[in-house]
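See below for the structure under consideration.
Listed below in structure tokens is the structure:
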């Protein structure tokens, strides 16, 4: 197959992923509307409570609670997960075929970076589902976010498959960009979880007993507990933080060879630094009395905003060394 | 004045006002200030300020990166530009307010971290605290009864905990009935290493910018460069720079090669630049050769020589009316577009009877037809069909006025145009009225070379790596305690309790407690959870 036909195959796979993800979005929306997320979370909570009380009462054997009955409307979530898994396989294939077409790691411009980031996000999320069932409740927002990203990639960022400019021909492209993609994908999961946390926390604070009023309560009532969402946010961001630090340092080492200085406050460098500092603030806030909970969650969301700006905004609004994105 | 103080308090109480905090005094005030500065809340606010303060540097052009764009900006926005300049917005990262934020942050960090370092060092050999009375309150708690003796159970527990690299509380005098163990001291160590590394990183950055330098120079193929101040086109020294810091190396640009994509959607995009140089580390040392590429600088005596860009340099020979060669050589031309249509100027002050000047447009691959609206435009960046388009002027170049001139501009106020002509390689244009001739001998290439020396970069890199290791360690390792207690029930059986507590909530703690439990004699075989 020629380079062009591989590129066409890759494009077709991206379009197909968008279609499959759209259907998955509908399925997750139905699951969300039926409010199964909160019920699942309650069940999980009940199970752990039972186990804890068994442990405390000094039983000689740790008995296992029987698997709880699945609610009848569980099927919507299952449809969503199946379609998301299919979409994940397709988008990974899209990245691979793009790489074959260009004969290099396919993240030389913003279109390729975005598609790879979506693939990474989906792989991380789908791979975590068997181990962390509560991650399934992030389905609606993760799929929605990825659809938006793919839409922007196809409509705004699209660049034809081609050779790299000389500055990008370096093995540091693998190291720097790979770590940046993985770290930013995980940051995104964490910050999206913080968005949901705000709804869940508000709903719980106002008392779930009172009848829900307004959209925010309606959303909050359908989410897993704020504690679970907070844990997901903290764990993902704590994992991604050292990786992001590494991506920035690897970028600095590369810049030392490519541009003659390891740090020059290029707009991209500045904004990756801003992102790093805000997520550092999040990690500190979560360990500081008076900053836990809502304030910390808001910081995590500001961190995502800073990251998105360092990714899209810098290439669109500013001129700098990272201006080879093809925008 | 205790009596006064009591009276004051009594007065306040009589008024029903809340009791006032006792006055702190000067040292107390300082201590209060220090505690505020080193508190986590202050650190958080400073972190935010730092992030916020870094932003304008990406919004406004910066002197360090692009002084030309700063000039343009001030010209376009005279009032705003003036005020932004006063506020340091064009030099954000060297501005006093930016320095104030990061220095305060560093002080706050030092004040927070140093006492913790001392504390950590003092407690290096500390002993885990004694087993609490009620283990049932711990977040993880298991128990079972066994016929094994106290010594057997505790012996097995000690082996298991020691095997899992727990630190054990040594047995006290009297009959021992419990075992206390702690693990995860690397969590705090990693945390400290991370923060100390940040301080070291800043020292590395400061060291490098103080004693380092950076300069750029245009070197035409076949010509050379020696690392002295006068040779640079542009030079930025650090504040602690002295000329003795310039490594005495020199090099000659033997050949320069630029290749571009000939087909595909990105036709004309650069594919690679290579510069072959012969260099000497000192004037007396053996010459060596090396190829410099983008991403592959030449490292010589602590300095690095980078290839930043390239362009074309037409070679001309100019003869004047008397037939004497009055100009001969290559002159760098500034690229105007991605296809390397480039402009330059040739000034010939020694020509007779009048001084000569030429506006030169270079096309490495000449177009078939020149569009009169745009002028000549190169159709491909490589040197496939070089051509120069000349505009000749005669008269006074204005070089004697004492005002420094732009080398890429011709001041034609005292000159008259004598004609236009385009030449291929080897062609000569005989100027009208016996003013002489110009020959286009060929097209050379020039390389934009940057020389940079940053003595602090190794320290900065080392600190950055240590910081990554430290933060990973601190986020992965959890500090936790595990206890085992044995209580004989007087009927020949013993109750064994195993409990765990982590400094921060940790899902794996239960597994760890289970693992210890499983090694104890008589422990029940835990069923695997299937959910």
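Chains as they are written, first to last, in this note's numbering: chain A, 453 to 779; chain B, 63 to 593.
Every residue, glycine too, gets a C-beta built ideally from N, C-alpha and C.
If you're wondering where the values come from, they're calculated on a predicted model, not measured in any experiment.
| Check | Outcome |
| --- | --- |
| For residue 420 of chain B, the nearest candidate out of B:524, B:502, B:488 (CA to CA) | B:502 |
| Extent of the continuous alpha helix (DSSP H) to which residue 181 of chain B belongs | 158-184 |
| Neighbour flag for residue 630 of chain A against chain B, beta carbons, 7 Å | no |
| Beta bridge counterpart(s) of residue 342 of chain B as assigned by DSSP | B:312 |
| Own chain residues within Cβ distance below 6 Å of residue 602 of chain A, not counting five before or after | 470, 570 |
| Minimum Cβ-Cβ distance from residue 712 of chain A to chain B less than 7 Å | yes |
| Where the beta strand (DSSP E) through residue 546 of chain A begins and ends | Element bounds for residue 546 of chain A: not the beta strand (DSSP E) but the alpha helix (DSSP H), 526-554. |
| Interfacial residues, the region 617-641 of chain A to chain B, with Cβ spacing under 7 Å | 617, 618, 619, 621, 622 |
| Under 8 Å (Cβ pairs) to chain B, residues found in the region 736-748 of chain A | 736, 737, 739, 740, 742, 743 |
| Assumed close pair residue 214 of chain B, residue 550 of chain B - CB separation to whole angstroms, cut-off 8 Å | At roughly 12 Å, the Cβ-Cβ gap does not stay under 8 Å, so residue 214 of chain B and residue 550 of chain B are not in contact. |
| For residue 582 of chain B, the three-state DSSP class (helix, strand or coil) | coil |
| C-alpha gap between residue 668 of chain A and residue 486 of chain A, whole angstroms | 16 Å |
| Nonlocal neighbours in the same chain, by C-beta distance under 6 Å from residue 504 of chain B, ignoring five residues either side | 377, 487 |
| Under 7 Å by beta carbon: chain B residues contacting residue 608 of chain A | Those do not exist, as residue 608 of chain A stays about 18 Å from chain B at its closest Cβ, beyond 7 Å. |
| Residue 292 of chain B versus residue 375 of chain B - alpha carbon distance | 21 Å |
| Residue-chain proximity (residue 688 of chain A, chain B), Cβ-Cβ < 7 Å | no |
| Residue range of the unbroken beta strand (DSSP E) whose run includes residue 483 of chain B | 477-486 |
| Under 7 Å (Cβ pairs) to chain A, residues found in the region 406-424 of chain B | none |
| Alpha-carbon to alpha-carbon, residue 532 of chain B and residue 178 of chain B | 15 Å |
| Residue 106 of chain B at chain A interface by Cβ criterion, 7 Å | yes |
| Nearest to residue 261 of chain B (by Cα), restricted to the options B:412, B:329, B:166 | B:166 |
| Integer-rounded CB distance, given that residue 339 of chain B should sit under 8 Å from residue 314 of chain B | 6 Å |
| Chain A within 7 Å of residue 357 of chain B, Cβ atoms only | yes |
| Extent of the continuous alpha helix (DSSP H) to which residue 221 of chain B belongs | 212-225 |
| CB contact below 7 Å: residue 770 of chain A versus chain B | yes |
| Residue 769 of chain A versus residue 724 of chain A - alpha carbon distance | 15 Å |
| Distance, residue 208 of chain B Cα to residue 511 of chain A Cα | With a pLDDT of 40 at residue 511 of chain A, under the threshold of 50, the modelled position of this residue cannot be trusted, and the question is left open. |
| Beta-carbon proximity of residue 160 of chain B to residue 154 of chain B, cut-off 7 Å | yes |
| Identity of the residues DSSP links to residue 455 of chain B by a beta bridge | B:419, B:479 |
| Neighbourhood of residue 721 of chain A by C-beta distance below 7 Å, restricted to the same chain and skipping five residues each side | 715 |
| Euclidean distance between Cα positions of residue 446 of chain B and residue 696 of chain A | 45 Å |
| Short Cβ contact (7 Å threshold) for residue 391 of chain B with residue 414 of chain B | no |
| Rounded straight-line distance, which links the Cα of residue 748 of chain A to that of residue 735 of chain A | 8 Å |
| Nearest-angstrom beta carbon gap, residue 231 of chain B and residue 242 of chain B [assumed within contact, 8 Å] | 4 Å |
| Residue 478 of chain A versus residue 594 of chain A - alpha carbon distance | 13 Å |
| Residues that DSSP places opposite residue 279 of chain B in a beta bridge | B:511 |
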